[in-house]
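The block underneath contains the structure these notes are about, expressed in structure tokens.
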DNA sequence: CCTTGTCGGATTGTTGAACAACTGGCTACC
DNA sequence: GGTAGCCAGTTGTTCAACAATCCGACAAGG
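Protein chains in written order, with my numbering: chain H, 1409 to 1645; chain V, 1409 to 1645.
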């Protein structure tokens, strides 16, 4: 049917298609949004601070129009709020927001665990190892007392839990939720050791998952989230 | 404490605060996005069609920059796709997308039903009545053979199911998912009677919910979604 | 026949300037 | 003390321009 050369070419295009995203193919507005998002997630932009179009545009070296496109993206991700004719501000979470964030996470994460029972064994093993890797990263960061990295690794743990469902959309939603949750962490600045006690709990959940105890793992995670939520809400007051 | 006049004024501001949104307080870009979103949801803009900045801007009477802001929003909602230096197109769903949409819906909807057992009775009754209302609307539209309205009511049913969780974020996610799903319906144009058989199933689920049989309702919905997914995927081929 | 090089029109990406609309604070006035 | 009006600064939106890129057409070459 196909000559050898033709098959080779097909292989090329398959391989190349994966790297298409690497060839910049990204607008200035998106790169600006990426930068701002990282600044917010890292806590370098405190909740409540206003981002004036003029100064932010000059600082980043982009025009006002481009900056506004980037703002739209981040507003849509709830990291910024837009008040008409007043400007954009880094979002300040209310207690209600924290409650709802945990409610939504509970929905997604426990659901993903329940869905894990239908995942074929080899794929499941791969996803479980991603969970383990996140826990290990958290442990390593903890011994070095890099609490910000512990937080990052902990977020990755929860994203890996969500990834059990194997749904790109669920993954993206979860990523957005965790980014939003960072706003809460940074709002309550005194939480340097907030994440530490959860590392051990994470291990326990991972162990249950490894044993195929999906129901028990879901219940444990549910309880876990309730505790974390309460603790964060307490820190709010 | 407060003088009568002061209390009157407080009443005013409370009442007025509800109407604040009516006083435009919304940017042109958002209104443009709303319009385009409705056009896509209604199927007046077919998947795959390109939206050129020049002609769309002239048609809607807005500048190119404003239009681009609106495009960003809809791209973020996955209703449009943006190809660098090529333009924006109404999204064309692949079979994978349909699968993932149903996967995510299953996560959210069955999770919401499970969460319903913790909702206080009076609030629960209110939310269940919203579900009933959606079903009734679908039945009414069915007898008049307005199949597009049946689809809309059916979407509202599933949003009402999700609303059992009482999470604004989950509600918004679900709203986005249903909008995205419309793309699939319109891509397979031959589905005029696609929604009809589900009305009865919806009734059955609502009955189970009313009886407090949350586990059974979740299982029924899960099965329901599996069937619907298969049927839609078949229509894709 | 198929591939490759080249060209020109059309569209998008991005910028800067301009003006209208609005906000927030200041002042003067009662 | 409160209120109306004014004013500087910011945002909302448009417009025009230019650079970068895409796409189809057409020609050249194997």
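The C-beta atom is built at its ideal place from N, Cα and C for all residues, glycine as well. What you are looking at is a predicted structure, and each value in this text was computed from that prediction instead of being measured.
Counting every other CB atom within 10 Å of its CB across the protein chains shown gives residue 1570 (chain V) a total of 16 or more, marking it as buried. At least one CB of chain V lies nearer than 8 angstroms to the CB of residue 1512 (chain H).
Listed along chain H, the residues sitting closer than 7 angstroms to residue 1477 (chain V) by beta-carbon distance are 1476, 1477, 1480.
Spatial neighbours of residue 1447 (chain V) in its own chain (CB-CB distance under 8 angstroms, excluding positions within 5 residues in sequence) are listed in chain order as 1453. Residue burial is scored here from C-beta neighbours: residue 1567 (chain H) has at least 16 other C-beta atoms within 10 angstroms and is therefore classed as buried. Near chain H, meaning a CB-to-CB distance below 8 angstroms, no residue of the region 1606-1627 of chain V qualifies.
For residue 1460 (chain V), no CB of chain H lies under 8 angstroms from its own CB, so it is not counted at the interface with that chain.
Of the other Cβ atoms in all chains shown, fewer than 16 fall within 10 Å of the Cβ of residue 1623 (chain V); this residue is therefore exposed.
For residue 1576 (chain V), the residues of chain H that pass the 7 angstroms Cβ criterion are 1508, in the order they occur in the chain. Unbroken alpha helix (DSSP H) runs of no fewer than 4 residues, entirely contained in the region 1497-1561 of chain H, are found at 1503-1523, 1529-1551, following chain order. DSSP places residue 1491 (chain H) inside the beta strand (DSSP E), whose first and last residues are 1488-1491.
Residue 1495 (chain V) sits in a strand when the DSSP states are folded into three classes.
Secondary structure note for residue 1612 (chain H): its alpha helix (DSSP H) is the uninterrupted segment 1604-1618.
Those residues of the region 1536-1562 of chain H placed with their C-beta closer than 8 angstroms to a C-beta in chain V do not exist. Residue 1453 (chain V) carries a coil assignment under DSSP once its states are collapsed to helix, strand and coil. Residue 1516 (chain V) has a beta carbon lying within less than 8 angstroms of a beta carbon in chain H. The region 1531-1546 of chain V makes no contact with the region 1581-1595 of chain V: fewer than 3 CB pairs, one atom from each, lie closer than 8 angstroms. Following the DSSP letters along the chain, one finds residue 1645 (chain V) in no alpha helix (DSSP H), marked with neither H nor E. Straight-line spacing of the CA atoms in residue 1436 (chain H) and residue 1475 (chain V) works out to 17 angstroms.
A contact between stretches requires three or more CB pairs, one per stretch, nearer than 8 angstroms, and the region 1614-1630 of chain V fails this requirement with the region 1539-1551 of chain H. The Cβ of residue 1456 (chain V) sits no closer than 8 angstroms to any Cβ of chain H. A distance below 7 angstroms between beta-carbons, with the five flanking residues on each side excluded, links residue 1465 (chain V) to the following residues of its chain, in chain order: 1471, 1472, 1475. Restricting attention to V:1518, V:1619, V:1506, V:1488, the CA atom closest to the CA of residue 1456 (chain V) is found in V:1488. It is roughly 8 angstroms from the alpha-carbon of residue 1519 (chain V) to the alpha-carbon of residue 1626 (chain V). Rounded to whole angstroms, the separation of the alpha carbons of residue 1558 (chain H) and residue 1604 (chain H) is 7 angstroms. The beta carbon of residue 1435 (chain H) falls within 8 angstroms of a beta carbon belonging to chain V, placing the residue at that interface. One Cα belongs to residue 1521 (chain V), the other to residue 1510 (chain V), and the distance between them is close to 16 angstroms.
Taking the beta carbon of residue 1566 (chain V) as reference, no residue of chain H falls within 9 angstroms; the closest one sits roughly 15 angstroms away.
Spanning the alpha carbons of residue 1589 (chain H) and residue 1512 (chain H) requires a straight line of approximately 12 angstroms. If you look at residue 1572 (chain H), you'll find it isn't in any alpha helix (DSSP H); DSSP assigns it neither H nor E. For chain H, the residues of the region 1519-1531 of chain V that bring a beta carbon within less than 9 angstroms of one of its beta carbons are 1519, 1520, 1522, 1523, in chain order. The C-beta of residue 1581 (chain V) comes closer than 8 angstroms to at least one C-beta of chain H. In this structure, residue 1527 (chain H) places its C-beta atom within 8 angstroms of the C-beta atom of residue 1574 (chain H).
In this structure residue 1502 (chain V) is exposed. Its beta-carbon is surrounded by fewer than 16 other beta-carbon atoms within 10 angstroms.
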